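Below: one structure, written as structure tokens.
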Amino acid sequence: MNVPITQRALLMGLIVLGLSGCVTVKEYQKNRINDAEMELSARKSEKFEQNFYLYREGAAGANGGKSGGGCGCN
Amino acid sequence: MRKICISVGVLLSLLRAGYGQSVTQPAYESRKLKVEEINIVSSYYQQDGNNSAVTGGIGSEHLTDFAQSIDLVLKTTNRRNREHTLAFDLNIDHYTSASSDQIDPLTVSSASRSDTHIYPSVSWTVHNPDRRTTHGIAVSYSTEYDYKSYGLNLNFAKASADNNREISLKAGAFFDTWKVILPAELRPEGYGSGAHGDRDPVDYKPRNSYNVGLSISQVINKRLQAFLTIEPAFQQGLLSTPFHRIYFQDGAETVERLPGNRLKLPIGFRLHYFMGDRVIVRAFYRYYIDDWGMQAHTINLETPIKLTSFVSVSPFYRFSHQTAVRYFAAYGQHRSTDQYYTSDYDISGFNSQFIGTGLRLAPPGGLLGIGPWQSIELRYGHYVRSTGMVANSITLLAKLK
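Taken in sequence, the protein lines are chains P and C.
By the count of UniProt numbering, the first sequence reaches residue 74 at its end, each step adding exactly one.
By the count of UniProt numbering, the second sequence reaches residue 401 at its end, each step adding exactly one.
Here it is as structure tokens:
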């Protein structure tokens with residue numbers, strides 16, 4: 001399972017860029033961060049869409065859905 | 001001077017006495033278990049295509065699925081100021097599948113021409129605000145006509161002192177059992193159909209899945225936050241689907257055969273940005289690789305736009321590209337000398353696109369004046385795959401608080 005060097009570099013770059021630009025945000029400054037639509041997970045209404053991705057596409061996981069169980073074979 | 005000394009001494013002793021009396025009560029409040037949230041999700045999904053794996057890569061993929069889910073979240077705070085959350089989730093979907101009707105077309109004993117899939121789960125999490133930790137356990141069960149699954153998940157998370165970063169770990173295991181239903185013409189002598197009332201025996205095979213996940217979420221500034229997750233997974237057991245047919249170049253027929261192990265490595269990255277006062281950008285990218293030879297890239301972009309404080313629309317677009325597993329070939333293309341073979345187009349190479357929109361209403365006094373009915377969301381999406389398969393999905397979510 002060799003991940004191409006360009007993809008590894010892109011991912012590491014994103015992480016470094018993201019973390020290096022962080023500032024301390026106080027609780028009272030989080031009105032936008034705490035907005036319901038900003039939640040850092042898939043939306044509840046995507047629940048069944050994620051199921052059909054799981055069944056209809058080979059790539060699964062890393063998106064909040066389950067990573068096993070259920071056959072999804074039809 | 002003596003008066004001053006006496007005065008200071010009296011003041012100090014008063015101060016000391018004052019401190020002595022100010023032993024505060026612990027800052028906790030034990031609260032009863034109460035309903036925090038109820039989510040009801042209904043969904044209808046329909047697809048069409050012409051690459052059914054049941055018939056060896058040709059034939060109708062027509063499928064309809066009506067799914068219903070209800071989750072109930074209960075919370076309480078105990079005497080040690082720890083927040084306990086209990087979540088119950090019940091999912092039921094009823095599907096009809098044209099291809100499954102071809103498992104046994106002669107006797108109309110098809111195992112899952114139409115079937116009901118039920119999968120409940122229960123989770124319990126404990127949040128300790130003093131240590132900024134959260135840990136939990138979840139158990140799940142899933143049953144279909146020919147498949148049963150038991151799942152166990154553990155998770156742990158720790159937030160930073162300023163609550164701007166959280167690192168979480170999770171581990172899960174699913175212990176599944178297949179009822180090995182074979183296509184009618186490929187059953188050995190005395191082997192059953194798997195249909196109700198058929199007393200001839202059928203095999204049962206295990207399929208177990210194990211996964212671990214490491215995630216980090218980070219608030220980058222007042223408008224931007226990110227999430228990175230790595231979720232390796234390992235599967236073992238019967239990973240092929242026993243009633244998927246294979247047709248070789250010489251016209252011979254058998255059932256799908258795939259390795260008994262599969263190692264997957266998905267890496268996901270989310271970036272959510274609140275732009276101005278009305279627009280939110282939700283971006284997601286996933287890279288996936290496994291030891292069957294598949295690689296995939298998935299990009300999802302959704303932009304909720306707040307038309308008013310209570311109404312938002314959320315157009316979305318998802319693009320996914322995957323390469324085929326090395327065991328895939330189309331109908332009649334496999335060689336009988338191959339060790340493994342599949343004609344399942346779900347693990348073939350293709351591009352897929354999913355486009356649609358959501359509409360969310362969340363009036364302050366509750367929907368239709370019903371206070372606890374906090375919001376409703378309607379979501380529609382159209383899916384196209386470069387193999388020719390198309391699908392439509394519509395989902396309705398009602399949230400009560």
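The C-beta atom is built at its ideal place from N, Cα and C for all residues, glycine as well.
Please read all numbers here as calculations on a predicted model, not as lab measurements.
* Asked: When burial is assigned at 16 or more other CB atoms within 10 Å of the CB, is Gly251/C buried or exposed?
  -> Walking along the second sequence from the start, residue 251/C turns up at place 251. Classification for Gly251/C: exposed.
* Nearest to Ala195/C (by Cα), restricted to the options Ser114/C, Leu271/C, Asp162/C -> Translated into the one-based positions of the second sequence, residue 195/C becomes position 195. The candidate whose alpha carbon is nearest that of Ala195/C is Ser114/C.
* Asked: Taking one C-beta from the region 167-187 of chain C and one from the region 207-218 of chain C each time, how about it: are there three or more such pairs within less than 8 Å?
  -> yes
* Beta carbon of Arg379/C nearer than 8 Å to that of Ser45/P -> For the purposes of this step, residue 379/C is taken as residue 379 along the second sequence, with counting starting at 1. For the purposes of this step, residue 45/P is taken as residue 45 along the first sequence, with counting starting at 1. Against a cut-off of 8 Å, the Cβ pair of Ser45/P and Arg379/C comes out as a contact.
* Asked: Under a three-way DSSP split, which group does Ile355/C fall into?
  -> As a working note, residue 355/C is residue 355 in the second sequence. It is a strand residue.
* Using a beta-carbon distance below 8 Å, is Tyr28/P in contact with chain B? -> Absent here is chain B; the protein component of the structure consists of chains P and C.
* When Asp48/C, Asn81/C, Val122/C, Thr96/C are compared against Ile70/C, the one with the closest alpha-carbon -> The residue given as residue 70/C occupies position 70 in the second sequence. Here the closest residue by C-alpha is Val122/C.
* To do: Enumerate in chain order the residues of its own chain whose CB-to-CB distance from Ser110/C is below 7 Å, with the five nearest sequence positions on each side excluded.
  => Numbered from its first residue, the second sequence carries residue 110/C at position 110. Legend: pLDDT at Ser110/C = 49, less than 50; position of this residue unreliable, value from coordinates given subsequently. Apart from the 5 residues on each side of it in sequence, Ser110/C sits with its Cβ closer than 7 Å to the Cβ of Ser100, Asp101, Ile103, Asp104 in its chain, given in chain order.
* What did DSSP end up calling Ala98/C once you bin it into helix, strand or coil? -> Counting from 1 along the second sequence, the entry for residue 98/C is found at position 98. Of the three classes helix, strand and coil, the one that applies to Ala98/C here is coil, per DSSP.
* **Burial state of Met275/C (16 or more Cβ within 10 Å)** => The residue labelled residue 275/C in the question sits at position 275 within the second sequence. So Met275/C counts as exposed.
* Chain-ordered chain C contacts of Asn34/P [CB-CB under 8 Å] -> The sequence position of residue 34/P within the first sequence is 34, counting from 1. Neighbours of Asn34/P on chain C: none; closest Cβ ~10 Å, over 8 Å.
* Asked: Are the region 22-35 of chain P and the region 215-224 of chain C touching, with three or more C-beta to C-beta distances below 8 Å?
  -> yes
* To do: Confirm, please, whether the CB-CB distance from Arg282/C to Ile267/C is below 8 Å.
  => Within the second sequence, the letter at position 267 stands for residue 267/C. Within the second sequence, the letter at position 282 stands for residue 282/C. No. Outside cutoff.
* To do: Quick one: list the residues of chain P neighbouring Asp346/C, beta-carbon separation under 8 Å, in chain order.
  => In the second sequence, the residue the question calls residue 346/C occupies position 346. Residues of chain P passing the Cβ test: Tyr55, Arg56, Glu57, Gly58.
* Asked: What number of angstroms, rounded off, separates the C-alpha of Ile247/C from the C-alpha of Arg270/C?
  -> Locating residue 247/C in the second sequence gives position 247, counting from the first residue. Locating residue 270/C in the second sequence gives position 270, counting from the first residue. In the sequence as presented, Ile is not what sits at residue 247/C; that position holds Tyr. Their Cα atoms are separated by approximately 42 Å.
* Asked: Any idea which residues DSSP pairs Asp203/C with across the strands?
  -> In the second sequence, the residue the question calls residue 203/C occupies position 203. Its beta-bridge partners are Val180/C.
* **Own chain, CB closer than 8 Å to Glu36/C, minus 5 neighbours either side, in chain order** => For the purposes of this step, residue 36/C is taken as residue 36 along the second sequence, with counting starting at 1. Only Val73, Leu74, Lys75, Thr85, Lys401 meet the Cβ criterion.
* **Against chain P: residues of the region 54-80 of chain C by CB proximity under 7 Å** => Leu63, Ala67, Ser69
* **At least three beta-carbon pairs within less than 8 Å, the region 325-332 of chain C to the region 354-367 of chain C** => no
* **Distance, Lys32/C Cα to residue 403/C Cα** => With chain C represented from 1 up to 401, any question about residue 403/C goes unanswered, as that position is not in the structure.
* Asked: In the region 283-357 of chain C, which residue ranges form an unbroken beta strand (DSSP E) of at least 3 residues, counting only runs that do not cross its ends?
  -> Counting only runs of 3 or more, we get 295-302, 311-322.
* At least three beta-carbon pairs within less than 8 Å, the region 371-387 of chain C to the region 343-363 of chain C -> yes
* Report the partner residues of Asn166/C according to the DSSP bridge assignment. => In the second sequence, counting from the first residue as 1, residue 166/C sits at position 166. A small fix is needed here, since residue 166/C is Glu in this sequence, not Asn. According to DSSP, Glu166/C bridges with Ala159/C, Ser217/C.
* Test item: CB-CB of Arg257/C and Tyr341/C under 8 Å -> Taking the first residue of the second sequence as position 1, residue 257/C is located at position 257. Taking the first residue of the second sequence as position 1, residue 341/C is located at position 341. Yes, they are a contact pair.
* To do: Consult DSSP for Phe269/C and reduce its assignment to one of helix, strand or coil.
  => Working through the second sequence from its first residue, we reach residue 269/C at position 269. Residue state, collapsed to three classes: strand.
* Asked: Are the C-beta atoms of Thr395/C and some chain P residue less than 8 Å apart?
  -> Counted from its first residue, the second sequence places residue 395/C at position 395. Answer yes: the Cβ-Cβ gap between Thr395/C and chain P drops below 8 Å somewhere.
* Extent of the continuous beta strand (DSSP E) run through Leu72/C -> Residue mapping note: residue 72/C aligns to position 72 of the second sequence, counting from 1. From DSSP, the beta strand (DSSP E) with Leu72/C extends over 63-77.
* To do: Please report how far the alpha carbon of Asp93/C lies from the alpha carbon of Asp65/C, in whole angstroms.
  => On the second sequence, position 93 is the one that residue 93/C refers to. On the second sequence, position 65 is the one that residue 65/C refers to. If you take the alpha carbons of Asp93/C and Asp65/C, they lie about 6 Å apart.
* To do: Ignore the nearest five residues each way along the sequence and tell me which others in Val25/P's own chain have a CB closer than 8 Å to its CB.
  => As a first step, residue 25/P is located in the first sequence; it is residue number 25 there, counting from the start. These residues qualify, in order along the chain: Ile33.
* Asked: Thinking just about the alpha-carbon of each residue, which of Ser348/C, Ile370/C, Asp200/C, Val202/C is nearest to the one in Tyr331/C?
  -> Here residue 331/C is taken as the residue at index 331 of the second sequence, counted from 1. For Tyr331/C, the nearest C-alpha among the options comes from Ser348/C.
* In or out: Lys47/P buried (at least 16 other Cβ within 10 Å) or exposed? -> On the first sequence, residue 47/P is found 47 positions in, with the first residue counted as 1. It is buried - the Cβ of Lys47/P has at least 16 other Cβ atoms within 10 Å.
* Asked: Just how far apart, CA to CA, sit Glu377/C and Lys205/C?
  -> Here residue 377/C is taken as the residue at index 377 of the second sequence, counted from 1. Here residue 205/C is taken as the residue at index 205 of the second sequence, counted from 1. Spanning the two alpha carbons is a distance of roughly 41 Å.
* State yes or no: is the beta carbon of Asn51/C nearer than 8 Å to at least one beta carbon in chain P? => For the purposes of this step, residue 51/C is taken as the residue at position 51 of the second sequence. No, no contact with chain P.
* With 8 Å as the threshold, decide whether the Cβ of Arg335/C is near any Cβ in chain P. => Stepping through the second sequence from its first residue, residue 335/C is reached at position 335. No, Arg335/C does not count as interfacial toward chain P.
* Residue environment, Asp146/C, which counts as buried when at least 16 other CB atoms sit within 10 Å -> The residue given as residue 146/C occupies position 146 in the second sequence. Per the 10 Å Cβ criterion, buried.
* Candidates Val23/P, Glu27/P, Asn63/P, Glu37/P, of which the one nearest Ser312/C by Cα -> The sequence position of residue 312/C within the second sequence is 312, counting from 1. Among Val23/P, Glu27/P, Asn63/P, Glu37/P, the Cα nearest to that of Ser312/C belongs to Glu37/P.
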